[in-house]
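Protein chains in written order, with the numbering used here: chain A, 11 to 356; chain B, 11 to 356. Glycine included, each C-beta is placed from N, C-alpha and C at the ideal position. In this text, all values refer to a predicted model and were calculated from it rather than measured experimentally.
Protein chains: 2
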Amino acid sequence: MAEELNERSQNILEAIVEDYIVSAEPIGSRAITRRHSFNLSPASVRNVMSDLEEMGFLCSPHTSAGRIPTEKGFHYYIDSLLQVRDLSKQEEARLRKNYRFKGMKMEDIMQEVGRVMSGLSNYTGLVMAPKFASTVFRQIEFVRLSHGRLLVIYVSESGMVQNKVIKADPSLDQRDLEQISNYLNRELNGMSIQAVREKIALELQTERARYDQLQKRALSISSAALQEESEELLFVSGASRMLEQPEFSTPEQMKRIIQTLESKKVLIDLLDRSYDAQGVQIFVGSQIQNSEIHGCSLITAKFSNKKGAVGTLGVIGPVRMDYSQVIPIVDFTAQLVSRIMEREIE
Amino acid sequence: MAEELNERSQNILEAIVEDYIVSAEPIGSRAITRRHSFNLSPASVRNVMSDLEEMGFLCSPHTSAGRIPTEKGFHYYIDSLLQVRDLSKQEEARLRKNYRFKGMKMEDIMQEVGRVMSGLSNYTGLVMAPKFASTVFRQIEFVRLSHGRLLVIYVSESGMVQNKVIKADPSLDQRDLEQISNYLNRELNGMSIQAVREKIALELQTERARYDQLQKRALSISSAALQEESEELLFVSGASRMLEQPEFSTPEQMKRIIQTLESKKVLIDLLDRSYDAQGVQIFVGSQIQNSEIHGCSLITAKFSNKKGAVGTLGVIGPVRMDYSQVIPIVDFTAQLVSRIMEREIE
DNA sequence: GTTGGCACTCGACTGTCAGGAGTGCTAACA
DNA sequence: TGTTAGCACTCCTGACAGTCGAGTGCCAAC
């Protein structure tokens with residue numbers, strides 16, 4: 011895969027990719043010589059382009075058009091030609107300034123992050139909030155509602171709140187509930203929700219649960235409330251920016267794109283895939299192994315705090331994406347959100 | 011405005027509107043006589059159509075095309091020709107069956123309602139959750155987080171949960187918080203959030219607040235947590251269905267529509283407008299007094315429970331909307347959601 | 001190895017033309 | 001007087017041919 015290219019070929023490939031990123035149109039040999047000063051004639055450039063096409067880095071939509079980079083071309087560009095420099099302090103500060111999180115709760119932060127990422131990159135922002143199961147138990151509260159319903163409120167260590175309505179034994183009074191929540195808050199403190207689930211399942215079967223009424227009730231309530239956890243929270247921002255890309259300009263493509271962005275399931279699967287990886291991940295074109303998404307690239311990064319809550323954010327756009335701009339944005343934002351979640355900064 | 015039309019004109023107008031609703035194309039005189047048995051020749055129908063055009067109910071896109079209803083034509087159709095019959099028990103049951111709310115919390119219900127309405131109508135569903143300020147205070151809970159932050163959780167009478175992170179005096183310990191929440195739960199019970207706000211503002215200025223430390227702290231915390239309430243929750247479902255309408259088939263229109271649906275602000279303003287009205291409201295075309303929305307009609311209804319929580323739901327689609335189908339869906343859904351919110355049914 | 005020249009290709013655009021759907025008008029009919 | 005058949009007219013649509021320009025590939029000369 012990592013073929014050798016001489017310097018001239020590299021320069022020309024880079025020029026083509028970069029010109030194509032801004033113009034979205036096939037690049038001809040004359041255009042190259044005009045815009046870049048290689049001290050080469052169009053004819054020489056044509057020879058190189060012909061070689062690059064032979065090697066699969068370029069292709070031409072038809073005989074008398076210019077050339078456009080293939081996915082392989084973009085790969086080579088990203089892996090070997092693009093240097094993503096770290097952001098300077100000024101740039102960081104500039105990015106930082108776009109985000110305002112003061113006094114926001116989790117959902118709002120996620121939404122805001124997506125919005126700003128989309129605005130900065132001019133592509134579509136995706137943010138998947140930390141899965142609740144990955145967080146650490148902090149506290150549980152009960153609120154009795156009418157008609158024998160019980161509102162259960164969990165709070166995670168990092169301040170995420172999740173609530174659920176369950177049917178509960180109507181004989182439970184306020185004092186019972188207080189006892190139960192005290193019991194659970196004592197027993198489950200500091201455990202991951204996942205571990206809590208397992209512990210509950212286990213304890214419900216022990217000998218002690220048979221005669222300890224309080225424990226039994228506590229366990230069965232929290233079991234009911236924890237099962238079938240609500241689906242994952244995905245925020246899509248700036249979907250309409252996708253429609254501004256010339257590669258998706260036909261009505262059919264627009265429909266397809268919007269449908270895909272609307273069916274969050276597909277996107278969640280995508281973001282889940284970078285769940286285990288470290289740092290920024292880049293999926294170019296068909297690397298997004300999903301039949302419903304064509305011609306798109308995805309740049310993602312994980313964010314997390316020390317308390318185990320892990321989410322994913324990213325930017326999706328056409329393969330012809332301005333990687334040099336987007337990669338630092340995604341990288342920096344992920345780090346920023348991680349710090350926000352630690353409340354190291356506000 | 012409510013001009014008189016003889017029966018024949020009415021029949022023909024009705025036929026044109028209904029044919030146009032399914033075909034989205036100009037209707038010619040022959041097509042009318044073919045599809046409906048008026049025992050009239052195309053030429054006679056032409057005469058009537060000419061009159062209807064004169065009166066402003068129809069217009070022709072160009073000389074040799076058929077005719078399409080104007081907004082005025084749609085109005086006349088909706089007001090005088092369309093009879094929205096109530097749903098039969100079977101139909102209600104069929105609609106009812108689409109909704110599954112079991113064990114869902116507010117946000118999920120709202121989302122689900124939008125999804126199902128969109129699915130049933132084949133247009134785009136809008137649901138605006140009850141404004142928190144319109145609900146009735148039930149309970150307040152505090153959870154201390156790290157770095158001196160305090161998570162405040164409100165629960166409304168109808169089970170809506172709202173939470174907010176505030177900075178709090180680090181000297182407050184668990185016992186203080188319990189006292190404060192007990193105090194607030196006692197004092198504020200049964201009041202609307204709006205009233206709570208006012209009460210707090212008032213009491214903070216009283217003489218007593220000066221020396222009663224507990225009260226003072228309680229008031230200032232709840233004041234901090236209640237101010238600047240999070241924005242309204244709007245759920246848009248099936249935006250892509252808008253793109254399937256032939257009237258919005260050009261890329262430019264698609265972009266505009268999606269941008270509009272994405273900027274929830276515009277939609278919230280729209281839905282807010284039917285906040286005071288009773289029953290189903292219909293806005294045809296330019297009656298949606300919003301420069302960003304052209305060629306759309308909106309059908310909305312309010313839902314509420316006896317505890318004061320009031321939200322709005324509706325369906326938005328092209329002016330050429332199947333009103334006879336959508337109106338009962340919106341009407342029924344609003345009633346259904348009201349009952350759900352009362353927990354009369356599950 | 002580089003370059004200018006030249007023939008070739010192909011898409012984009014333009015103009016023309018025939019076909020079809022629908023209208024408006026008029027005159028004839030019941 | 002209301003209805004209808006006939007007919008001329010309008011205008012959209014799609015097919016087709018021709019032109020233009022951008023770009024390529026190849027070859028011969030430097």
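Inter-residue spacing [alpha-carbon to alpha-carbon] between residue i and residue j
{"i": "A:Asn-199", "j": "A:Tyr-193", "result": "10 Å"}
{"i": "A:Ile-150", "j": "B:Arg-95", "result": "49 Å"}
{"i": "A:Ser-98", "j": "A:Leu-105", "result": "11 Å"}
{"i": "A:Ile-337", "j": "A:Tyr-30", "result": "18 Å"}
{"i": "B:Ser-166", "j": "A:Glu-117", "result": "19 Å"}
{"i": "B:Thr-43", "j": "A:Leu-136", "result": "53 Å"}
{"i": "A:Met-11", "j": "A:Leu-23", "result": "Bear in mind that the predicted position of A:Met-11 carries a pLDDT of just 46, short of 50, making it unreliable; the figure below should be weighed with that in mind. One C-alpha to the other measures close to 16 Å."}
{"i": "B:Ala-25", "j": "B:Ser-47", "result": "10 Å"}
{"i": "A:Lys-274", "j": "B:Leu-68", "result": "42 Å"}
{"i": "A:Thr-260", "j": "B:Pro-261", "result": "6 Å"}
{"i": "A:Arg-159", "j": "B:Val-175", "result": "26 Å"}
{"i": "A:Arg-288", "j": "A:Pro-140", "result": "Inspection of the sequence shows that residue 288 of chain A is occupied by Gln rather than by Arg. Distance between the alpha carbons of A:Gln-288 and A:Pro-140: 16 Å."}
{"i": "B:Gln-223", "j": "A:Lys-112", "result": "27 Å"}
{"i": "B:Val-255", "j": "A:Gln-121", "result": "In the sequence under discussion, the amino acid at residue 255 of chain B is Gln, which differs from the Val named in the question. Cα to Cα, B:Gln-255 sits roughly 29 Å from A:Gln-121."}
{"i": "B:Ile-339", "j": "A:Tyr-109", "result": "41 Å"}
{"i": "A:Ala-34", "j": "A:Val-276", "result": "27 Å"}
{"i": "B:Leu-357", "j": "B:Tyr-285", "result": "With chain B covering 11 to 356 only, the question about residue 357 of chain B has no answer from this structure."}
{"i": "A:Glu-17", "j": "A:Thr-73", "result": "27 Å"}
{"i": "A:Glu-14", "j": "A:Asn-300", "result": "30 Å"}
{"i": "B:Leu-92", "j": "B:Asn-49", "result": "22 Å"}
{"i": "B:Arg-185", "j": "B:Arg-154", "result": "12 Å"}
{"i": "A:Met-65", "j": "A:Ser-90", "result": "16 Å"}
{"i": "B:Leu-214", "j": "B:Gln-345", "result": "40 Å"}
{"i": "B:Pro-71", "j": "B:Leu-62", "result": "15 Å"}
{"i": "A:Leu-212", "j": "A:His-157", "result": "31 Å"}
{"i": "A:Met-138", "j": "A:Ile-88", "result": "25 Å"}
{"i": "A:Leu-323", "j": "A:Glu-188", "result": "38 Å"}
{"i": "A:Gln-100", "j": "B:Asp-183", "result": "41 Å"}
Beta carbon of residue i nearer than 8 Å to that of residue j
{"i": "A:Gly-124", "j": "A:Val-246", "result": "yes"}
{"i": "A:Ile-278", "j": "A:Glu-302", "result": "no"}
{"i": "A:Phe-142", "j": "A:Met-170", "result": "yes"}
{"i": "B:Arg-207", "j": "B:Leu-236", "result": "yes"}
{"i": "B:Ser-19", "j": "B:Val-55", "result": "no"}
{"i": "A:Ser-168", "j": "A:Asn-21", "result": "no"}
{"i": "B:Met-264", "j": "B:Leu-281", "result": "no"}
{"i": "B:Ala-53", "j": "B:Gly-76", "result": "no"}
{"i": "B:Arg-330", "j": "B:Glu-272", "result": "no"}
{"i": "A:Gly-305", "j": "A:Ser-128", "result": "no"}
{"i": "B:Ile-210", "j": "B:Ser-233", "result": "yes"}
{"i": "B:Gly-38", "j": "B:Val-146", "result": "no"}
{"i": "A:Ala-178", "j": "A:Ile-231", "result": "yes"}
{"i": "A:Ile-267", "j": "A:Val-290", "result": "no"}
{"i": "B:Val-27", "j": "B:Phe-84", "result": "yes"}
{"i": "B:Ile-163", "j": "A:Ile-119", "result": "no"}
{"i": "B:Lys-115", "j": "A:Asn-173", "result": "yes"}
Spatial neighbours of residue i in its chain, beta-carbon cut-off 7 Å, leaving aside the 5 residues before and after
{"i": "B:Glu-102", "result": "Phe-342"}
{"i": "A:Ala-228", "result": "Ile-190, Tyr-193 and Leu-194"}
{"i": "A:Ile-350", "result": "Phe-111 and Ile-119"}
{"i": "A:Asp-332", "result": "Ile-31"}
{"i": "B:Glu-352", "result": "Asn-315 and Lys-316"}
Residues near residue i in its chain [Cβ-Cβ closer than 8 Å; skip 5 each side]
{"i": "B:Ser-348", "result": "Phe-313, Ser-314 and Asn-315"}
{"i": "A:Thr-134", "result": "Ser-128, Val-246, Ser-247, Gly-248, Ala-249, Arg-251, Met-252, Leu-271, Val-325, Ile-326 and Gly-327"}
{"i": "A:Ser-202", "result": "Ala-143, Ser-144, Thr-145, Val-146, Phe-147 and Gly-318"}
{"i": "A:Leu-130", "result": "Leu-105, Asn-108 and Ile-339"}
Please determine if the stretch 280-295 of chain A and the stretch 78-89 of chain A are in contact, where contact requires at least 3 C-beta pairs separated by less than 8 Å.
By the criterion of at least three beta-carbon pairs nearer than 8 Å, the stretch 280-295 of chain A is in contact with the stretch 78-89 of chain A.
Would you list, in chain order, the members of the stretch 244-267 of chain B that have their beta-carbon closer than 8 Å to a beta-carbon of chain A?
Sequence-ordered contacts of the stretch 244-267 of chain B with chain A read Gly-248, Ala-249, Ser-250, Leu-253, Glu-254, Ser-259, Thr-260, Pro-261, Met-264 and Lys-265 [C-beta pairs closer than 8 Å].
Which of the residues in the stretch 142-171 of chain A, read from start to end, lie with their CB under 7 Å from any CB of chain B?
Result list: Arg-148, Gln-149, Glu-151, Val-153, Leu-155, Ser-156, His-157, Arg-159, Leu-161, Ile-163, Val-165, Gly-169 and Val-171.
Residues, ordered as in the chain, of the stretch 172-197 of chain A that lie near chain B by beta-carbon distance below 8 Å:
Those residues of the stretch 172-197 of chain A that come within reach of chain B (Cβ to Cβ, closer than 8 Å) are Asn-173, Lys-174, Val-175 and Ile-176.
Taking a cut of 8 Å between CB atoms, which residues from the stretch 90-120 of chain A lie near chain B?
From the stretch 90-120 of chain A, only Gly-113, Met-114, Lys-115 and Asp-118 have a Cβ closer than 8 Å to chain B.
Listed in chain order, which residues of the stretch 268-290 of chain A have Cβ atoms closer than 7 Å to some Cβ of chain B?
Of all residues in the stretch 268-290 of chain A, the ones placed with a Cβ closer than 7 Å to any Cβ belonging to chain B are Ile-268, Gln-269 and Glu-272, in chain order.
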